[in-house]
Amino acid sequence: MSQQVIIFDTTLRDGEQALQASLSVKEKLQIALALERMGVDVMEVGFPVSSPGDFESVQTIARTIKNSRVCALARCVEKDIDVAAESLKIAEAFRIHTFIATSPMHIATKLRSTLDEVIERSIYMIKRARNYTDDVEFSCEDAGRTPIADLARVVEAAIRAGATTINIPDTVGYTMPFEFSNIITGLYEHVPNIDKAIISVHTHDDLGLAVGNAIAAVHAGARQVEGAMNGIGERAGNCSLEEVIMAIKVRKDIMDVRTRINHNEIWRTSQTVSQICNMPIPANKAIVGTGAFAHSSGIHQDGVLKNRENYEIMTPESIGLNQVQLNLTSRSGRAAVKHRMEEMGYKESDYNMDHLYDAFLKLADKKGQVFDYDLEALAFINKQQEEPEHFRLDYFSVQSGSNAIATASVKLACGDEVKSEAANGNGPVDAVYQAINRVTAYDIELVKYGLSAKGHGKDALGQVDIVVNYNGRRFHGVGLATDIVESSAKAMVHVLNNIWRAAEVEKELQRKAQNNENNKETV
Numbered sequence: 001m002s003q004q005v006i007i008f009d010t011t012l013r014d015g016e017q018a019l020q021a022s023l024s025v026k027e028k029l030q031i032a033l034a035l036e037r038m039g040v041d042v043m044e045v046g047f048p049v050s051s052p053g054d055f056e057s058v059q060t061i062a063r064t065i066k067n068s069r070v071c072a073l074a075r076c077v078e079k080d081i082d083v084a085a086e087s088l089k090i091a092e093a094f095r096i097h098t099f100i101a102t103s104p105m106h107i108a109t110k111l112r113s114t115l116d117e118v119i120e121r122s123i124y125m126i127k128r129a130r131n132y133t134d135d136v137e138f139s140c141e142d143a144g145r146t147p148i149a150d151l152a153r154v155v156e157a158a159i160r161a162g163a164t165t166i167n168i169p170d171t172v173g174y175t176m177p178f179e180f181s182n183i184i185t186g187l188y189e190h191v192p193n194i195d196k197a198i199i200s201v202h203t204h205d206d207l208g209l210a211v212g213n214a215i216a217a218v219h220a221g222a223r224q225v226e227g228a229m230n231g232i233g234e235r236a237g238n239c240s241l242e243e244v245i246m247a248i249k250v251r252k253d254i255m256d257v258r259t260r261i262n263h264n265e266i267w268r269t270s271q272t273v274s275q276i277c278n279m280p281i282p283a284n285k286a287i288v289g290t291g292a293f294a295h296s297s298g299i300h301q302d303g304v305l306k307n308r309e310n311y312e313i314m315t316p317e318s319i320g321l322n323q324v325q326l327n328l329t330s331r332s333g334r335a336a337v338k339h340r341m342e343e344m345g346y347k348e349s350d351y352n353m354d355h356l357y358d359a360f361l362k363l364a365d366k367k368g369q370v371f372d373y374d375l376e377a378l379a380f381i382n383k384q385q386e387e388p389e390h391f392r393l394d395y396f397s398v399q400s401g402s403n404a405i406a407t408a409s410v411k412l413a414c415g416d417e418v419k420s421e422a423a424n425g426n427g428p429v430d431a432v433y434q435a436i437n438r439v440t441a442y443d444i445e446l447v448k449y450g451l452s453a454k455g456h457g458k459d460a461l462g463q464v465d466i467v468v469n470y471n472g473r474r475f476h477g478v479g480l481a482t483d484i485v486e487s488s489a490k491a492m493v494h495v496l497n498n499i500w501r502a503a504e505v506e507k508e509l510q511r512k513a514q515n516n517e518n519n520k521e522t523v
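Okay, so the sequence shown: first residue is 1 according to UniProt numbering, each after it adds one.
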């Protein structure tokens, strides 16, 4: 049996289901590139049949990613498999992941079918997927509640039909680690052709056991683990990949398996996913939480000072967390900023140097000193807002006080036109938003407003994340400045640009669809 555990990331498919606002194609690609740098073996990046937007994002990622296998999800439905293959065909090699429920409850109440019919359908769809690729994964949905005899029948038939990976999901997070281990062992005992496929597991965290179940399964012989960075996902979330990866690394003394992950990229990838998905990481989150390497007890602090291994089973550096913080000033040149970004592990493709340096100088003039966490925040915003902007905030001012009604004036560039408006509001942020809405006439409903400090001290950068409803869809925006009102205004302008870009993408997709129809009529 191979000693390598394949890491299958589903942040962009299963993980995205937990988000309040859908990610843009550009945001998904940014996460995919981070996952590729981290070294995931397979990344499941969407469900192409679900929408034209998902199809486009899968296609874009398949075109770009070279060092990880790109995968798309498909139900055991002909159209799903055909559309998945169409979205992926631009890649040199790809995986189709198809699934169907196998538990008695799901078969009877959801599918209104029988186990024999499920097996027959699975065989047909796996063979259909094999017409497009020799890398086909098959999942037994709700395997955790499927009797082992039934599960073994399905798995044997799926492997015989051509599935190269068999995934065993604990779909509702119901199974205990010792039970899940027994399921994997049972498959090895009862499926005669089990050696012809890789056994995978996909665990959910409804009982807080996702990582425990995954590790138990690996110990029992599973050689692929599916999960999401930071454990994001619907309900209580997915298995946290960074936890599984580090558990395998730290406990190699008993696990005797390995991954091909670049551990130095774990921290940055986690932060990238958190920021783009607008899902803050809890301070006490294992591996990547801000408190993961903090010691407040005097006894612990004394022990760490004498020997870090007294209370640390891994180091911050082992996940790429650089604890040496340097500062730059407005006198620091472009070369110094670029060198520091390189020292922190950034590549030139991660940011636009011209834009980053301009933002750095403006911040340095305000703060005097710019620290690593400031640079990282600027680089993130720089990447998020590097596309041409239809809307641009040229100017704003606010008047407010404890006994006064807040009044805001804004000047907003809308394409080639510059518009100005003023409005009152319930506080300075609301006043700015009311004025911006007057300029655009967009019917926007603010759903969520979040403020976080990027750095330390009274002059720390403030990042504002907002989620809005517009025409039945949710959009996310982010703004960064030392002034909270300015951050808030920038976040709303970012939302407006995301809405505008989404409309432009929709127009382009409609144009392509119309062209395809016209071509069919011509033929």
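Think of the CB as a built atom: it goes at the ideal place given N, C-alpha and C, for glycine as much as any other residue.
These numbers come from a predicted model, not from an experiment.
State yes or no: is the C-beta of residue i within less than 8 Å of the C-beta of residue j?
i, j, result
"Thr109", "Ala143", "no"
"Met353", "Lys338", "yes"
"Glu317", "Met344", "no"
"Ile184", "Ala222", "yes"
"Thr440", "Ala422", "no"
"Arg260", "Gln4", "yes"
"Leu446", "Val464", "no"
"Ala34", "Thr290", "no"
"Ile466", "Gly455", "no"
"Leu496", "Phe396", "no"
"Gln72", "Ile96", "For the record, residue 72 in the displayed sequence is Ala; it is not Gln. Their beta carbons are under 8 Å apart, which means Ala72 touches Ile96 by this criterion."
"Asn382", "Ala364", "no"
"Glu44", "Phe8", "yes"
"Arg235", "Asp206", "yes"
"Arg69", "Val42", "yes"
"Leu115", "Leu151", "no"
Can you give the Cα-Cα distance for residue i and residue j, rounded to whole angstroms?
i, j, result
"Gly208", "Glu156", "31 Å"
"Gly368", "Ala435", "32 Å"
"His494", "Leu393", "10 Å"
"Asp135", "Glu92", "12 Å"
"Glu56", "Leu509", "9 Å"
"Glu137", "Val398", "57 Å"
"Ser409", "Ala489", "11 Å"
"Ser22", "Arg13", "11 Å"
"Lys89", "Leu241", "27 Å"
"Pro192", "Ile198", "14 Å"
"Glu117", "Met341", "57 Å"
"Lys362", "Met246", "39 Å"
"Glu389", "Glu506", "17 Å"
"Lys285", "Asp256", "26 Å"
"Ala481", "Ser487", "5 Å"
"Gln30", "Asp372", "21 Å"
"Ser332", "Asn437", "39 Å"
"His190", "Cys140", "16 Å"
"Thr203", "Val211", "7 Å"
"Ser420", "Ser400", "19 Å"
"Leu412", "Ser200", "52 Å"
"Ser274", "Tyr124", "39 Å"
"Asp350", "Ala379", "8 Å"
"Phe178", "Lys28", "36 Å"
"Gln17", "Ile100", "19 Å"
"Asn327", "Glu312", "28 Å"
"Pro104", "Gly231", "28 Å"
Check the Cβ-Cβ distances between residue i and every residue of chain D, and say whether any is below 8 Å.
i, result
"Arg112", "Protein chain content of the structure displayed is limited to a single chain, and chain D is not contained in it."
In terms of alpha-carbon separation, which member of the options lies closest to residue i?
i, options, result
"Asp82", "Asn284, Glu312 and Tyr132", "Tyr132"
"Val40", "Ala91, Glu226 and Gly162", "Glu226"
"Lys79", "Glu36, Met105 and Ala129", "Ala129"
"Ser330", "Arg340, Glu312, Leu321 and Tyr357", "Tyr357"
"Ile65", "Gly46, Arg75, Phe47 and Arg37", "Arg37"
"Tyr449", "Thr171, Cys76, Gln59 and Met279", "Met279"
"Arg334", "Leu321, His355, Asn322 and Met492", "His355"
"Val288", "Gly320, Arg258, Asp430 and Thr171", "Gly320"
"Pro147", "Met1, Ile159, Thr10 and Asp170", "Asp170"
What first and last residue would you give for the beta strand (DSSP E) that runs through residue i?
i, result
"Asp80", "Segment Glu78 to Leu88 is the alpha helix (DSSP H) holding Asp80; no beta strand (DSSP E) there."
"Val398", "Phe391 to Gly401"
"Ala72", "Arg69 to Arg75"
"Glu265", "Glu265 -> no beta strand (DSSP E), and no H or E assigned at all."
"Ile198", "Ile198 to Thr203"
"Gln369", "Gln369 to Phe371"
Can you give me the start and stop residues for the alpha helix (DSSP H) that residue i sits inside?
i, result
"Gln224", "Careful: Gln224 lies outside any alpha helix (DSSP H), inside the beta strand (DSSP E) at Gln224 to Gly227."
"Arg37", "Val25 to Met38"
"Glu44", "Not the alpha helix (DSSP H): Glu44 falls in the beta strand (DSSP E), residues Val42 to Glu44."
For a test of your reading of the model: does the CB of residue i fall under 7 Å from any non-hydrogen atom of the ligand GDP? Yes or no.
i, result
"Leu363", "Ligands are entirely absent from the displayed structure, and the ligand GDP is therefore not among its contents."
Q | alpha helix (DSSP H) segments (min. 4 residues) lying fully within the UniProt region "Regulatory domain" (392-523) | A | 428-440 and 484-522
(Q) Which runs of the alpha helix (DSSP H) at least 4 residues long sit entirely within the segment 119-166? Give them in chain order. (A) Taken in chain order, the whole alpha helix (DSSP H) runs of length 4 or more contained in the segment 119-166 are 148-161.
(Q) If we require 4 or more residues per run, which alpha helix (DSSP H) segments fall completely within the segment 218-262? (A) 241-250 and 252-255
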